[in-house]
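Under the numbering used here, the first residue of the sequence shown is numbered 74, with each subsequent residue one higher. Below you'll find the structure, written out as structure tokens, and then a few comments.
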Amino acid sequence: MGLRKKKDSLSTERTKITLGLRKKPMLMQSDNIINSVRKSSFKGNFRPINQPAPINRINPIKMPKTQGKLEVNIKITQLPNFVENIKNGWRRVYVNADGYLVQIKIRPKAWNKLLQANEEYSDWIATITGKIGARIKNGFELLEPAIQVYKNNKPTKN
Numbered sequence: 074m075g076l077r078k079k080k081d082s083l084s085t086e087r088t089k090i091t092l093g094l095r096k097k098p099m100l101m102q103s104d105n106i107i108n109s110v111r112k113s114s115f116k117g118n119f120r121p122i123n124q125p126a127p128i129n130r131i132n133p134i135k136m137p138k139t140q141g142k143l144e145v146n147i148k149i150t151q152l153p154n155f156v157e158n159i160k161n162g163w164r165r166v167y168v169n170a171d172g173y174l175v176q177i178k179i180r181p182k183a184w185n186k187l188l189q190a191n192e193e194y195s196d197w198i199a200t201i202t203g204k205i206g207a208r209i210k211n212g213f214e215l216l217e218p219a220i221q222v223y224k225n226n227k228p229t230k231n
């Protein structure tokens, strides 16, 4: 199958084999060298290097016992323009919040609330609150979203 053996100029115990069209040399060692390596015991000759003990750094900030809850509030004044329908009336909505792309899965009841506010009020504000979820490209997913819709009452100047 196109095997050619060449003698290595450095020693007679090693031979180079060129396989087929690849022409990549592969070194093969004779059985005498392999057996001599197997017989020699490295465990007796092994000495660990004396190294200084690693420095234990003390963390200056201790974990507080007071528990908190991290939530994100997003305010929108118009219906999102990028909406995907998911199964059973759920919607996947993408919102741009200060340069972060936020993916929100909205229940049908909450989506109807947004549609109703858009029809009834000329000026409205919706607050979407939830937990930070999985990271997506240029943003994150909002988990457990809660939506509240308000009519925006601007005070009139007299």
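We put the beta carbon where it would ideally sit given N, CA and C, even for glycine.
Bounds of the alpha helix (DSSP H) holding Leu188 are 181-193.
Looking at the DSSP output, Ala170 shares a beta bridge with Tyr173.
With contacts defined as CB atoms closer than 8 angstroms, Asn169 and Ile198 fail to qualify as a contacting pair. When C-beta atoms of the stretch 159-167 are compared with those of the stretch 180-198, three or more pairs fall below 8 angstroms, so the two segments count as touching.
For Glu193, the closest C-alpha among the options Thr200, Ile220, Ile159, Gln151 is that of Gln151. Exclusion of the five residues before and after Lys227 leaves Asp196 as the residues of its chain whose Cβ lies within less than 8 angstroms of its Cβ. Under the DSSP assignment, Arg208 falls in the beta strand (DSSP E) whose first and last residues are 197-209.
Just so you know, the alpha carbons of Gly172 and Ile205 end up roughly 16 angstroms apart. Between Gly203 and Tyr167, the alpha-carbon positions lie close to 14 angstroms from each other. With contacts defined by Cβ atoms closer than 8 angstroms, Ile147 and Ile209 do not form a contacting pair. About 26 angstroms separates the beta carbon of Leu174 from that of Gly141, a gap too long to meet the 8 angstroms contact definition.
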